[in-house]
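Going by the working numbering, the letters in the sequence shown line up with residues 149 to 400, in that order.
Built from N, CA and C at the ideal position, the CB exists for glycine as well.
Keep in mind that this is a model prediction, so the values were computed, not measured.
Here the structure comes first, spelled out in structure tokens, and everything after it is commentary.
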Amino acid sequence: MTNEDMPNLGFFLKFIEPQYLDDFLKGHVHFSSLYYFNEVERNGNSIIGDDSEGAYTQNLTNATAYLQIEGDPKIYEFPVSHAISRYDMSEEDKNHYGIASFFYLTKQDFVEHSHSENQRIYVLKKEVIDYFRTFNTDKRVPVIIYTDPFIDLLKKQNTPNTCGKVHYYDDDDPAEFAGLSQMDNFYDTIPFLKRKRYSDQKEFRVCVVLDKGTETSRGEEFELGDMSNMALPLKFIGNQHLAIVVDYSSEK
């Protein structure tokens with residue numbers, strides 16, 4: 149069974165600490181600085197943390213580097229067996245750019261479970277569930293957020309924000325970097341770029357400018373407005389608790 153006949157539905161999923169669930173449903177959303185995620189990985193958590201958040205990195209293998217010293221016309225050439233090239237946002241911007249992250253689940257994350265003449269049931273793929281279990285080891289509450297109402301809510305905000313799906317790039321592919329770096333707004337795109345090793349996160353993120361961004365700040369809370377009519381807390385993410393039922397009887 150496949151998901152080929154499944155409508156192209158999608159929704160957001162966010163894991164919320166239990167003590168903050170009521171506030172989240174009221175629209176209080178926490179935005180963490182890009183710099184904060186650098187610190188999380190440096191402190192040993194490479195699942196949520198990312199030392200390359202706010203940067204574009206490129207692995208250089210079997211490359212040639214050139215060095216020229218001021219006042220010396222000679223160009224020195226030396227081979228590089230392995231190195232990493234980084235294009236970083238400034239530390240100030242990493243501290244002042246805040247992001248709120250959501251999983252974005254689409255039809256590609258589901259598989260058909262059963263069907264009848266008028267109805268098909270789709271459930272999350274096992275590998276998606278397994279990743280959520282790995283990601284959510286601290287037992288946060290999974291919350292489903294309906295995409296269209298949430299994006300409409302973002303559009304109504306007085307606080308300027310940008311949102312979109314994260315692009316997962318191949319840091320071993322120099323051609324991809326060459327293409328992305330030619331974009332006129334490449335610098336502003338960096339908050340929406342992550343290495344493909346994080347692609348299981350299927351991330352949709354909202355980005356704002358923090359008023360109080362500092363190197364020690366985890367971020368700020370923004371009040372977006374009531375979300376209780378577009379957000380659904382779950383007890384567990386699993387086949388027996390999350391399914392999409394498509395009813396075709398109304399089409400006849």
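Check                                                                                                                                                                          : Outcome
DSSP three-state call for asparagine 306: helix, strand or coil?                                                                                                               : coil
With distance defined between alpha-carbon atoms, name the residue in Ser249, Leu173, Tyr168 and Phe159 nearest to lysine 287.                                                 : Tyr168
Put leucine 390 into one of helix, strand or coil per three-state DSSP.                                                                                                        : coil
Buried or exposed: proline 290, going by 16 or more other Cβ atoms within 10 Å of its Cβ?                                                                                      : buried
Closest to threonine 93 by CA distance: which of Cys355, Ala231, Thr337 and Val393 is it?                                                                                      : Residue 93 lies beyond the stretch modelled for the chain, which goes from 149 to 400, so this question has no answer here.
Please report how far the alpha carbon of cysteine 311 lies from the alpha carbon of alanine 213, in whole angstroms.                                                          : 37 Å
Figure out for me which residue from Leu161, Arg343 and Val188 has the closest Cα to the Cα of valine 314.                                                                     : Arg343
Pick from Ala248, Asn193 and Met331: whose alpha carbon is nearest that of threonine 282?                                                                                      : Asn193
Short of 6 Å in beta carbon distance, which residues of its chain neighbour proline 166, apart from the five on each side in sequence? Order them along the chain.             : Val289
In chain order, what residues of the same chain have a beta carbon less than 8 Å from the beta carbon of leucine 358, not counting five sequence neighbours either side?       : Phe179, Ser181, Asn243, His244, Tyr245, Gly246, Ser365, Gly367 and Glu368
Taking 7 Å as the limit between beta carbons, can you name the residues of its chain near glycine 158, skipping five residues before and five after?                           : Tyr252, Leu253, Thr254 and Thr295
Excluding the 5 residues preceding and the 5 following valine 393 in the sequence, name in chain order all residues of the same chain whose CB lies nearer than 6 Å to its CB. : Ile269
When you compare each of Met375, Ala203 and Asn186 to isoleucine 195 by their alpha carbons, which one comes out closest?                                                      : Asn186
On the DSSP letters alone, give me the boundaries of the beta strand (DSSP E) that lysine 222 sits inside.                                                                     : Where lysine 222 is concerned, there is no enclosing beta strand (DSSP E), given that its DSSP letter is neither H nor E.
When DSSP labels each residue in this structure, what does asparagine 284 get in the three-state scheme?                                                                       : coil
Thinking C-beta only, is isoleucine 293 closer than 8 Å to phenylalanine 163?                                                                                                  : no
Would you mind working out which of Glu260, Leu272, Gln305 and Met237 sits nearest phenylalanine 340, comparing C-alpha positions?                                             : Met237
May I have the straight-line CA-CA distance separating aspartate 241 from aspartate 320, to the nearest angstrom?                                                              : 26 Å
Beta-carbon within less than 6 Å of glutamate 351's beta-carbon, same chain only, minus the 5 sequence neighbours each way: which residues are those?                          : Ser249 and Val314
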